[in-house]
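3 is the number of the first residue of the sequence shown in the numbering used here; add one for each residue after it.
Positions of the beta carbon are idealized from the N, C-alpha and C atoms, including for glycine.
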Amino acid sequence: MAAVEEPVQANGGAAPEDPAINGEVQARDWGTAEEQAARGRAPIKKEYLMPPGGRKGLAAAGETGKAGEAKEGGEGQGGEGGKGKAEKGKAEQRLSHRALKKQRKQALATQPCNTVARTGDPASCPFGDTCRFSHDLEIIRAQLPPTLEGTCPFAALRRPCPFGLACRFRDEKHGKIPGSGADGAEGGEAGGGKGKGEGEGAGKKGEDAEGGEGKEVGEKGGEKGSEVRYPGEVNMLDKGLQSKLWKRQVDMPRAVDALQRIGWTRKVKPRGEASLMPDLDENAEGEEEGEEGEGGEEGEEGEEGEEAEGGMGEVDREGRRKGALAAAATAAEETAAAVATAAKGAAVAAGGAAAAAAAGAAAEVVKEGIGAIGKEQETDKEAKVGDDKELRLPSREKKPVDFKGKLIVAPLTTVGNLPFRRVCCSFGADVTIGEMAMCANLLQGQASEWALLRRHESEKCFGVQLCGPHPDMVAKAAELVAENCQVDFVDLNVGCPIDIVVNKGSGSSLLRKPQRLEQVVRAASLAIDVPLTVKMRTGYAEGHNVAHRYIPHLLDWGATAVTLHGRTRQQRYSRLADWEYIGECASVKPAGLQFIGNGDVLAYTDWNQHTANGSATAVDSCMLARGALIKPWLLTEITEQRHWDISATERLDMLRSFTRYGLLHWGSDSRGVETTRRFLLEWLSYLHRYVPVGLLDMVPQRINWRPPAFYGRNDLETLFGSDQPQDWVKISEMLLGPPPPSFRFVPKHKSNSYDAAENG
3 MAAVEEPVQA NGGAAPEDPA INGEVQARDW GTAEEQAARG RAPIKKEYLM PPGGRKGLAA
63 AGETGKAGEA KEGGEGQGGE GGKGKAEKGK AEQRLSHRAL KKQRKQALAT QPCNTVARTG
123 DPASCPFGDT CRFSHDLEII RAQLPPTLEG TCPFAALRRP CPFGLACRFR DEKHGKIPGS
183 GADGAEGGEA GGGKGKGEGE GAGKKGEDAE GGEGKEVGEK GGEKGSEVRY PGEVNMLDKG
243 LQSKLWKRQV DMPRAVDALQ RIGWTRKVKP RGEASLMPDL DENAEGEEEG EEGEGGEEGE
303 EGEEGEEAEG GMGEVDREGR RKGALAAAAT AAEETAAAVA TAAKGAAVAA GGAAAAAAAG
363 AAAEVVKEGI GAIGKEQETD KEAKVGDDKE LRLPSREKKP VDFKGKLIVA PLTTVGNLPF
423 RRVCCSFGAD VTIGEMAMCA NLLQGQASEW ALLRRHESEK CFGVQLCGPH PDMVAKAAEL
483 VAENCQVDFV DLNVGCPIDI VVNKGSGSSL LRKPQRLEQV VRAASLAIDV PLTVKMRTGY
543 AEGHNVAHRY IPHLLDWGAT AVTLHGRTRQ QRYSRLADWE YIGECASVKP AGLQFIGNGD
603 VLAYTDWNQH TANGSATAVD SCMLARGALI KPWLLTEITE QRHWDISATE RLDMLRSFTR
663 YGLLHWGSDS RGVETTRRFL LEWLSYLHRY VPVGLLDMVP QRINWRPPAF YGRNDLETLF
723 GSDQPQDWVK ISEMLLGPPP PSFRFVPKHK SNSYDAAENG
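Here you go:
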């Protein structure tokens, strides 16, 4: 790779000198910039366009080939795949069971103990002489991976590195951590190693445990000693709380009381008892037969949720009486759904106009049913809701969150991690929201799910997004989070389009069940003393928007704000956001309910258009999702009201900050480095879609534009514009060194972010 030069601004950019390249590009006329934009093609200046196949050639010239190296590594490196693994299996078959056991024991004896590697002290291992791994520092040093260039991120903060010899940025000062056993950060249980001799995975996202079983709970949302391992982070899962969740010993009185108030009941089958008959529940919609034809796993999810909740789903007979009216409304809705399903089936079979008319009539029945529920709320509110207003905290007791004009970063699955949110805060984000967390997993005490709730001190206003199918599950998870974490508000996911979530009755599936949605919102609001917000889509099926039927009632149900994503669940991300409909919904919201729009904001002009007073799409604020992924500096552009022609070196500095934050969050050992690399590459699968301002014939860039292969104004900018994973790996090597020989990266979102990205 040639030396990186400071990029030339747009008005001084030089065209490529190769006439053959220019000749190939100019041989095809793509039309005017307006015509290209109308076809969804980014109108890039001709002098920067690559010839057909040029981008593929760029990837081949990257000299990384990590995707290809994975295949070569599979031939026998470490016996991990292909021929090597098969030969190893045959060799093991020739040995007796006792010989194999002895062989494996000897192999473990030469592997370094991770606890000793972190602390540099053989006495720090809680298993002592019984540990299966080596405590010999000479053996440990000999087997450690090579060091990486740069400074340890913990040393840069003038803190002792909790990874000791295992740190990939180690130097002579990493041999032993001063005071490692006294400050409670790692001690004899470094990395959560109690019960796991190697102590692996301390606090790694999606892995074993949060680490450090010897810590004591400090203030709400934090732990004593956690500042050394996770500087500036709060909302760690306390091991005592996790143990109680496993044993179902956590009391959630507010949630139980709230469920009684709204009349929710769900019959719970005794644990371990095989039932010959399905659980019957007059208030549980679709638990037995699926959610309107798509929730076949709903019954299983219900049972899992009941186990996770610790058998706290029972309510008294008074609660059942109060739920009678809710059951009647549920039955009416299910009847309408059945009629609609039958009519649609007839339309498919007959293919005639009469059957199609029947399907349309059935759809109207469903719509009328939703409207009837809304009218019922106005006329029979006291009979239906009971005395929930007595339990609801007055608005003055719930600390309000003002979203008016604030820069809000959406909850983003996979890529919306804590290091990414820190980058957004550095560009001026006012409100950040953690990744979507499943209520059932939180109630089960899963460390990987609780890791999604972590918050950094730089996040000025932070919310947690919860997703669940039932009022009891959501209410208990909301109370659990509000009581044990530092959060400013709780957001309810009613928009996730992922099949595995929808099929279990969560996410956008709630848009098809008005009664269930009302119960979920009411129960969650009553169970917490922080504001509750709702994030939803326009509807479930394309052409059938229903958000305008729910929004007028959300304030009465207990929500303080609603975010509307301008697409249906069926559309996913295949259409532009319907801001016209968002504007219609904003016009019917009740006074006091904050309204936030979401979808396709990629420039400050989009923000201005949607938030301007008096405009047809006026909203209180806009939530940034894929726009923040593609160009996080959009936050600065909105603040400064300008199109920022950011240089390639500035973008590299941004990624350098991300890697530093990632090493502090996931760790500076080999595992942490590779975890940081993986999430960096996931983010690069979105970042490559950005086209520099100086290369465009028309600004601003639109989110649906697909850029053709283009040259940048220097080599680094060209590399940033590549859509080849090999080139993304090359970028990661600049920051984290070379990956392991068998490393291979496949983007989690296979369409490389054009069709699926942010959560609901």
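Next item on the list: List the DSSP bridge partners of Met625.
Entry: According to DSSP, which records beta bridges pairwise, Met625 is partnered with Ile410 and Asn600.
Checklist line | Option nearest Thr720 by Cα separation, candidates Ala158, Arg41 and Tyr692 | finding: For the options Ala158, Arg41 and Tyr692, the alpha carbon positioned closest to that of Thr720 is the one of Tyr692.
Note to self: Would Leu139 and Phe171 be called neighbours here (beta carbons separated by less than 7 Å)?
What the structure shows: For the pair Leu139 and Phe171, the CB atoms are not nearer than the 7 Å cut-off.
Check: Do the CB positions of Phe712 and Leu51 come within less than 7 Å of each other?
Finding: For Phe712 and Leu51, yes; Cβs fall inside 7 Å.
Note to self: In this structure, how does DSSP classify Pro742 when only helix, strand and coil are distinguished?
What the structure shows: For Pro742, the three-state secondary structure derived from DSSP is coil.
Check: For Gly601, which of Arg628, Glu437, Gly122 and Pro634 has the nearest alpha-carbon?
Finding: When each option's Cα is compared against that of Gly601, the closest is Arg628.
Note to self: With the cut-off set at 7 Å, would you say Val695 and Asp647 are in Cβ contact?
What the structure shows: The answer is yes: Cβ separation under 7 Å.
Note to self: Could you compute how far the alpha carbon of Gly407 sits from the alpha carbon of Asn615?
What the structure shows: Rounded to the nearest whole angstrom, the CA to CA distance from Gly407 to Asn615 is 11 Å.
Item checked: Proximity of Ser687 and Pro740 at Cβ, strictly below 7 Å -> No. Outside cutoff.
Item checked: Whole-angstrom distance between Ala125 and Cys426, CA atom to CA atom -> Cα to Cα, the separation comes out at about 42 Å.
Next item on the list: Work out the CA separation of Ser460 and Gly186 for me, nearest whole Å.
Entry: The pLDDT assigned to Gly186 is 35, lower than 50, so where the model puts this residue is not dependable, and the model offers no usable value.
Check: For Ile264, does the count of other Cβ atoms within 10 angstroms reach 16, so buried, or fall short, so exposed?
Finding: When all chains shown are included, Ile264 counts as buried.
Next item on the list: Would you kindly check if the distance between the Cβ of Ala480 and the Cβ of Ala442 is under 7 Å?
Entry: Going by C-beta atoms, Ala442 is not nearer than 7 Å to Ala480.
Checklist line | CA-to-CA distance, Tyr232 to Cys487, given in whole angstroms | finding: Rounded to whole angstroms, Cys487 and Tyr232 show a C-alpha spacing of 16 Å.
Notebook entry, point to check: Based on the DSSP output, what are the partners of Pro128 in its beta bridges?
Noted result: None; Pro128 has no bridge partner.
Note to self: Taking the alpha helix (DSSP H) that Gly465 belongs to, which residues open and close that run?
What the structure shows: Careful: Gly465 lies outside any alpha helix (DSSP H), inside the beta strand (DSSP E) at Cys463 to Cys469.
Next item on the list: Report yes if the CB atom of Leu534 is closer than 7 Å to the CB atom of Val496, and no otherwise.
Entry: Against a cut-off of 7 Å, the Cβ pair of Val496 and Leu534 comes out as no contact.
Check: When burial is assigned at 16 or more other CB atoms within 10 Å of the CB, is Phe747 buried or exposed?
Finding: Its Cβ being crowded by 16 or more others within 10 Å, Phe747 is buried.
Notebook entry, point to check: Can Glu586 and Thr570 be called in contact, C-beta distance under 7 Å?
Noted result: No, the Cβ-Cβ distance between Glu586 and Thr570 is not below 7 Å.
Check: Is it the case that the Cβ atoms of Ala35 and Asp608 are separated by a distance below 7 Å?
Finding: Going by C-beta atoms, Ala35 is not nearer than 7 Å to Asp608.
Check: If you drop the 5 nearest sequence neighbours on each side, which residues of the same chain put their C-beta closer than 8 Å to that of Ala39?
Finding: Result list for Ala39: Pro45, Met700, Arg704 and Trp707, in chain order.
Next item on the list: Spell out the partners DSSP gives Arg457 in its beta bridges.
Entry: Note: Arg457 is bridge-paired with Val236 in the DSSP secondary-structure output.
Next item on the list: List the DSSP bridge partners of Thr565.
Entry: Its beta-bridge partners are Lys537 and Ile598.
Item checked: Simplified DSSP state of Leu395, which is helix, strand or coil -> Low local confidence applies: a pLDDT of 46 at Leu395 is under 50, so the model's placement there is unreliable, and no value is given.
Checklist line | Buried versus exposed call for Ser649 [16 or more other C-beta atoms within 10 Å across all chains shown] | finding: It is buried - the Cβ of Ser649 has at least 16 other Cβ atoms within 10 Å.
Notebook entry, point to check: So which of Phe464, Ser450 and Gln446 has the shortest CA-CA distance to Phe405?
Noted result: It is Phe464 whose Cα lies nearest to the Cα of Phe405.
Next item on the list: Within 10 angstroms of the Cβ of Gln448, are there 16 or more other Cβ atoms? Answer buried if so, exposed if not.
Entry: By the 16-neighbour rule on beta-carbons within 10 angstroms, Gln448 is buried.
Check: Where does Ala802 fall in DSSP's three states?
Finding: Nothing in the structure corresponds to residue 802, since the chain is present only between 3 and 762.
Check: Do Gln446 and Pro413 have their C-beta atoms within less than 7 Å of each other?
Finding: Result no, Cβ atoms of Gln446 and Pro413 do not sit closer than 7 Å.
Checklist line | Beta-carbon proximity check, Ala588 vs Val621, cutoff 7 Å | finding: Result yes, Cβ atoms of Ala588 and Val621 sit closer than 7 Å.
Next item on the list: Specify the secondary structure class of Lys750 as computed by DSSP and reduced to three states.
Entry: Correct three-state label for Lys750: coil.
Next item on the list: Return the chain-ordered list of same chain residues with a C-beta closer than 8 Å to the C-beta of Ser672, the five sequence neighbours on each side being excluded.
Entry: Around Ser672: Pro147, Ala168 and Arg170.
Notebook entry, point to check: Per DSSP, what kind of secondary structure is Arg160 in: helix, strand or coil?
Noted result: Coil.
Check: What do you get for Lys537, buried or exposed, if any count of 16 or more other CB atoms within 10 angstroms of its CB means buried?
Finding: Counting the other Cβ atoms within 10 Å of the Cβ of Lys537 gives 16 or more, which makes it buried.
Item checked: Identified DSSP bridge partners for Leu698 -> Checking the DSSP bridge columns, you'll see Leu698 partnered with Ile46.
Check: What residues are listed by DSSP as bridge partners for Asn547?
Finding: Asn547 pairs with Gly541.
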